[in-house]
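One structure is given here, and the rest of the page talks about it.
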Amino acid sequence: SLVRGRFGEEAGEELVRSFGFKKLPLHDPYQAPIGAVLVYGTRRAAGHVEIRTKTGFVSDFRNEKSSRRPLIGVYAKV
13 SLVRGRFGEE AGEELVRSFG FKKLPLHDPY QAPIGAVLVY GTRRAAGHVE
63 IRTKTGFVSD FRNEKSSRRP LIGVYAKV
C-alpha cells in the first residue's frame, strides 16, 4: 500500500490511522524489530522513512547504519 502523505515525516500518523501500525516506545533505531518502519524528521527537507532489516536499514537504498536525521518514531504491526 502507498502512504499518501507528501512528506516522509508525516508517514507515522498515517501508518497508525490507516494501516494498523502501532508506535513503539523506542528511541534507538538499532533496537527496532525487523520489518519496523522508522520515520525521521529534519529541519530542511521532507523527512525520511526506512525499514529495519536483519542486516541494517533500507529505503531507496540499503545501509548498515541508520539515518542520522532525528528519529520521530518507530512503527510496527503488533
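Position in the sequence shown counted from 1, then plus 12, gives you our numbering.
Virtual Cβ for every residue (Gly too), placed ideally from N, Cα, C.
Terminal residues of the continuous alpha helix (DSSP H) containing R29?
A23 to F31
Label E62 either buried or exposed according to how many other C-beta atoms from any shown protein chain fall within 10 Å of its C-beta, with 16 as the threshold for buried.
buried
Evaluate V49 with the Cβ neighbour count: other Cβ atoms within 10 Å of its Cβ, from every protein chain shown; 16 or more gives buried, anything less gives exposed.
buried
Exposed or buried, which one is Y42 when buried takes at least 16 other CB atoms within 10 Å?
exposed
Is T65 closer than 8 Å to P46 when the C-beta atoms are compared?
According to the sequence displayed, residue 46 carries Ile and not Pro. Contact: yes.
From what residue to what residue does the beta strand (DSSP E) around A88 run?
L83 to A88
For V28, which residues from the same chain have a beta carbon less than 8 Å from its beta carbon, with the 5 sequence-adjacent residues on both sides left out?
K34, K35 and Y87
Cα separation between L38 and A44?
7 Å
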